Structure formats: structure tokens, C-alpha cells
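*Asks:* I'd like to ask some things about the structure below.
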Amino acid sequence: MAFKHVLAAARRSRRAFSSSYLYQTVRSASTSPAVATSAAPPSPPPPNAMIYDRLAEAVKSKLKQLENPDPRFLKYGSPHPALVDHTRILSAPETRVTTLPNGLRVATESNLAARTATVGVWIDAGSRFETDDTNGTAHFLEHMIFKGTERRSARELEEEIENMGGHLNAYTSREQTTYYAKVMDKDVNKALDILADILQNSRFDESRINRERDVILREMEEVEGQTEEVIFDHLHATAFQYTPLGRTILGPAQNIKTITKAHLQNYIHTHYTAPRMVIAASGAVKHEDIVEQVKKLFTKLSSDPITASQLVAKEPAVFTGSEVRIIDDDIPLAQFAVAFNGASWTDPDSIALMVMQAMLGSWNKNAGGGKHMG
């Protein structure tokens, strides 16, 4: 309080001095025109508040906004919360899961107000479950699965999806393989029929296998030119040395040249089993309808009770702290990746770790949004 009184007294004294000085200047100007012409213009009056006072007011204003945020708006990159209650979260579609007698799981999130739906098959099978000799089979199978079945040729399969205005795709990772379709609400049953057909009745013609072999070898050449892909392959190789997770998804070129129809069929029979599959659907779907369709369509799957967790327990991937460097002086930028031994998917901390990963690892030099984008 004493300090504020001193500042207030200083401001009053300064205002009085300025007024007196201005009066004297005006008076001199009226009595001496020559001096007035050459005299410097008077200084502007000082502000009513000192700079420190204005800064303090600005800080108080910001703090008030943070303490009482406007719940109507969500500002990107701001500390304002998106929600002030859980209404929106509680109104999200319920995830319903049904496990069939053969171990196949059906999961849905229904939104009947939507006009589209996504249905897919998620399989606990990827490059992790291969051997050194068969490494690359899971990815090769992903390519071959769309090349014709006992009921549909490759062309008929493409035309059926196009006529629905749908989208059929797949991807392979180290631990999962996924096949999915995006369609209109009226075509959900057709999409499920196609997925069941390609997973249970694919033909694997030798001519198609040889043709796709060349496609995959060209894909490998393209991947080797993508620095980010190369870095993460080396990261896995050095982090999980001499273990299944250390292998690449595409596999070595020598394996791609020798994979046969028997390799593909054996991989499906061994790993595409009902207990290791989840049929998932979201959007314009009804859980009961999806369950009934799955019961009718997915009848040829193996019911082998061995799960992916049991296979992983037999051959665990041990994390090894190490380092690998690849030097190329012709590349102007340096790229690097750092990995830590994290939690498993079933660990309670896995969600928190994914949030932290997104916050710390989402920056890109070529992306917009400023240097603090996260």
C-alpha cells in the first residue's frame, strides 16, 4: 500500500509540474513571438497509468479469462477446455461386443443418423508371427487377397465395390492385418459378404502370384527411398535385435522371390483363426444385424484356440538398448528416431502414453501451424 501511495504522489507531482511548465511556455509565447517561433514544441502529457500498471492489468485480465473460460468455443492451441461437462462424451455411441461360440468377436458402434458405415476385419497377425524364412508372407497375402476368389474374379470384385460407390482397402503392420470397407448404409451386408469371401475363398493363382511378386519388389525399391521408412525399420531392428519384432514388414527381397501359394495358404490356416479376429462395424449399423450376418458368412474359419498372446509368450520380443547410425553426406537433413521400452496394449498406462506420444511427437518441419504445434 505504501508503494502505491508513493507512485500516486509521484504521478500527481509530475502532472502539476507539467501543467506549470506548459503555462509558462504559453505565457512566454504570447509575450515574445520571435522566441515562440524557434522554441521546441511542448512534450505530450504523460499517460494516466505507468507501464507497470498496464502490464499488471493485462495479466489480471488473462488470469480472469483462464479462471472463467467461455465454454461455447474451442480455440485451437489454447488452454481453454473443450468441454465443461461430460454430456458429449456420455452421448457417444456405445461399443457393443459379442463373442461367438468359435471365438470370433463382433464389435459395433451404432449411429443410425448416419448414411454410411465402415466394416472391417482386424486380425492378430502380422510380420511378428513369421519366421526368418517366411518373413514378408503377411504383406504378400494382403496383396493377393484382392486378386480373385472362387465366386468372384479380381475384375468382378473391383466392379462390385465401384458400383456400390464403396472403398475397399487393407494394411499390414508388425502385429496386425486389417481388411475394411467403407460403404453406404444399404450396402453393409454386401461389404460383409465380400470380406468373408476374400478371407475364406481366395484362389491364389500362380500367375497372379508371380505378377504381384514384381509389384512388391518395386514397392520395396520405393520404400528404400523414403528416409522415414528406412529409419523405423532400422529402429525396430536395433531395438528388438534377433527377435520377431525386429523384422521388416515387407521382408527381404530373397523371400519375396521365393514365396509360393503354399506359404500363403499355410499362413491363412495358421493365423487367420476365429479367436484372433474381430469383426468391427460403425456408423449406420445395428449390432444384432451384424452379428447375424457374421454367423452366416464367416463359417469356414479355423477355431484353433491358440491366441496371439500365447504365441508372443513363447517367443517374446526383448527390448535392447542400442544405437545405429547411417551416414549419407549427400542428404542435407539429418533424421533420427528414439525409442523407449513402453507399456503393452493391455497396460492401464497405454492410453496416457499415446496421448503423451501425440503431444511430444507430432511436430513436423514441413507442417504449418507454428513452432509450438503439438
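Numbers 1 to 374, taken from the UniProt record's numbering, label the letters of the sequence shown in order.
Even glycine gets a Cβ: it sits at the ideal position worked out from N, Cα and C.
Note that the coordinates shown come from a computational prediction; the quantities given were computed from them, not determined experimentally.
Name the residue from Glu-150, Leu-250, Glu-229, Glu-221 whose alpha carbon lies nearest to the alpha carbon of Arg-203.
*Replies:* The candidate whose alpha carbon is nearest that of Arg-203 is Glu-150.
*Asks:* Just checking my contact of Leu-250 with His-139 at CB under 8 Å: how many whole Å lie between their CB atoms?
*Replies:* The Cβ separation is near 5 Å, so the contact holds.
*Asks:* Whose CA, out of Glu-109, Met-144, Arg-211, lies closest to the CA of Tyr-179?
*Replies:* Measuring from the Cα of Tyr-179, the nearest candidate turns out to be Met-144.
*Asks:* Hey, is the region 115-122 in contact with the region 237-256, meaning 3+ C-beta pairs nearer than 8 Å?
*Replies:* Result no; under three Cβ-Cβ pairs closer than 8 Å.
*Asks:* Glu-156 lies in the alpha helix (DSSP H); which residues open and close that run?
*Replies:* Taken as a continuous stretch (DSSP letters only), the alpha helix (DSSP H) holding Glu-156 covers 154-164.
*Asks:* Could you check where the beta strand (DSSP E) with Lys-182 kicks off and where it finishes?
*Replies:* Residues 177-184.
*Asks:* Quick one: Cα of Val-324 to Cα of Lys-257, how far?
*Replies:* Each residue's Cα considered, the two are about 28 Å apart.
*Asks:* Over what stretch of residues does the beta strand (DSSP E) that includes Leu-250 continue unbroken?
*Replies:* Segment: none, Leu-250 is in no beta strand (DSSP E) and carries neither H nor E.
*Asks:* Quick check for students: name the residue ranges of the beta strand (DSSP E) that lie wholly in the UniProt domain "Peptidase M16 C-terminal" (258-363), counting only runs of 3 or more.
*Replies:* Taking only runs of at least 3 residues, the beta strand (DSSP E) segments lying wholly in the UniProt domain "Peptidase M16 C-terminal" (258-363) are 277-283.
*Asks:* Touching or not, the region 266-283 and the region 102-119, by the rule of three or more beta carbon pairs under 8 Å?
*Replies:* Touching, yes, given that three or more Cβ pairs across the two stretches are closer than 8 Å.
*Asks:* Residues in its own chain within less than 8 Å of Leu-311 by CB, not counting five upstream and five downstream?
*Replies:* Same-chain partners within the cutoff: Phe-129.
*Asks:* Per DSSP, Thr-99 forms a beta bridge with which residues?
*Replies:* Partner(s): Arg-105.
*Asks:* Please state if the CB of Ala-284 and the CB of Asn-111 are separated by a distance shorter than 8 Å.
*Replies:* Against a cut-off of 8 Å, the Cβ pair of Ala-284 and Asn-111 comes out as a contact.
*Asks:* Express the C-alpha separation of Gln-254 and Val-230 in angstroms, rounding to a whole number.
*Replies:* For Val-230 and Gln-254, the distance between alpha carbons rounds to 18 Å.
*Asks:* At what residues does the beta strand (DSSP E) containing Thr-116 begin and finish?
*Replies:* Segment 116-123, the beta strand (DSSP E) holding Thr-116.
*Asks:* Does the distance from the CB of Arg-115 to the CB of Asp-185 come in under 8 Å?
*Replies:* Yes.
*Asks:* For Thr-131, tell me which candidate among Tyr-242, Thr-346, Glu-160, Tyr-272 has the shortest Cα-Cα distance.
*Replies:* The candidate whose alpha carbon is nearest that of Thr-131 is Tyr-242.
*Asks:* Given this structure, state the Cα-to-Cα distance separating Ala-92 from Asp-133, to the nearest angstrom.
*Replies:* Distance between the alpha carbons of Ala-92 and Asp-133 is about 46 Å.
*Asks:* Could you tell me the distance, in whole angstroms, from the CA atom of Phe-240 to the CA atom of Arg-211?
*Replies:* Going by the C-alpha atoms only, they are around 33 Å apart.
*Asks:* Should Val-294 be labelled buried (16 or more other beta-carbon atoms within 10 Å of its own) or exposed?
*Replies:* It is buried - the Cβ of Val-294 has at least 16 other Cβ atoms within 10 Å.
*Asks:* Given this structure, state the Cα-to-Cα distance separating Ala-313 from Pro-332, to the nearest angstrom.
*Replies:* About 43 Å.
*Asks:* Could you check where the beta strand (DSSP E) with Thr-134 kicks off and where it finishes?
*Replies:* From DSSP, Thr-134 is part of no beta strand (DSSP E); its letter is neither H nor E.
*Asks:* Any idea what DSSP makes of Leu-199, helix, strand or coil?
*Replies:* Three-state DSSP puts Leu-199 in a helix.
*Asks:* So, with DSSP's three-state summary, where would you put Asn-189?
*Replies:* In this structure, Asn-189 counts as helix in the three-state DSSP scheme.
*Asks:* Would you grab the beta carbon distance between Tyr-272 and Leu-301 for me? Rounded to a whole angstrom, and I think it's under 8 Å.
*Replies:* Contact flag correct, Cβ pair sits at about 7 Å.
*Asks:* Over what stretch of residues does the beta strand (DSSP E) that includes Thr-172 continue unbroken?
*Replies:* It spans 167-172 - the beta strand (DSSP E) in which Thr-172 sits, taken as one unbroken run.
*Asks:* Among the residues of its own chain, which have a CB less than 7 Å from the CB of Leu-353, if the five just before and after it don't count?
*Replies:* Same-chain partners within the cutoff: Gly-342, Ala-343.
*Asks:* Quick test of your reading: Phe-298 and Ala-196, contact by CB under 8 Å. State the CB separation rounded to the nearest angstrom.
*Replies:* Contact flag correct, Cβ pair sits at about 5 Å.
*Asks:* Please confirm whether Ala-117 and Val-183 have their CB atoms less than 8 Å apart.
*Replies:* Yes. Within cutoff.
*Asks:* Thinking C-alpha only, which one of Ser-173, Glu-175, Ala-191 is nearest Ala-181?
*Replies:* If we check each option's Cα against that of Ala-181, Ala-191 comes out closest.
*Asks:* Exposed or buried, Phe-146, counting other C-beta atoms within 10 Å across all chains shown (16 or more means buried)?
*Replies:* Its Cβ being crowded by 16 or more others within 10 Å, Phe-146 is buried.
*Asks:* In terms of DSSP beta bridges, what is Ser-127 paired with?
*Replies:* Bridge partners of Ser-127: none, in fact.
*Asks:* Closer than 8 Å by C-beta to Val-215: which residues in its own chain qualify, once you throw out the five before and the five after it? Chain order, please.
*Replies:* Excluding residues within five positions, the ones whose Cβ falls inside 8 Å are His-143.
*Asks:* May I ask you to report which of helix, strand or coil DSSP gives Thr-243?
*Replies:* Of the three classes helix, strand and coil, the one that applies to Thr-243 here is coil, per DSSP.
*Asks:* Measuring straight from C-alpha to C-alpha, what distance separates Arg-174 and Ser-127?
*Replies:* Answer to the nearest angstrom: the Cα atoms are 5 Å apart.
*Asks:* Hey, how far is the Cα of Gly-77 from the Cα of Met-359?
*Replies:* Confidence is the limiting factor: at Gly-77 the pLDDT is only 49, short of 50, which leaves the residue's position unreliable and the question unanswerable from this model.
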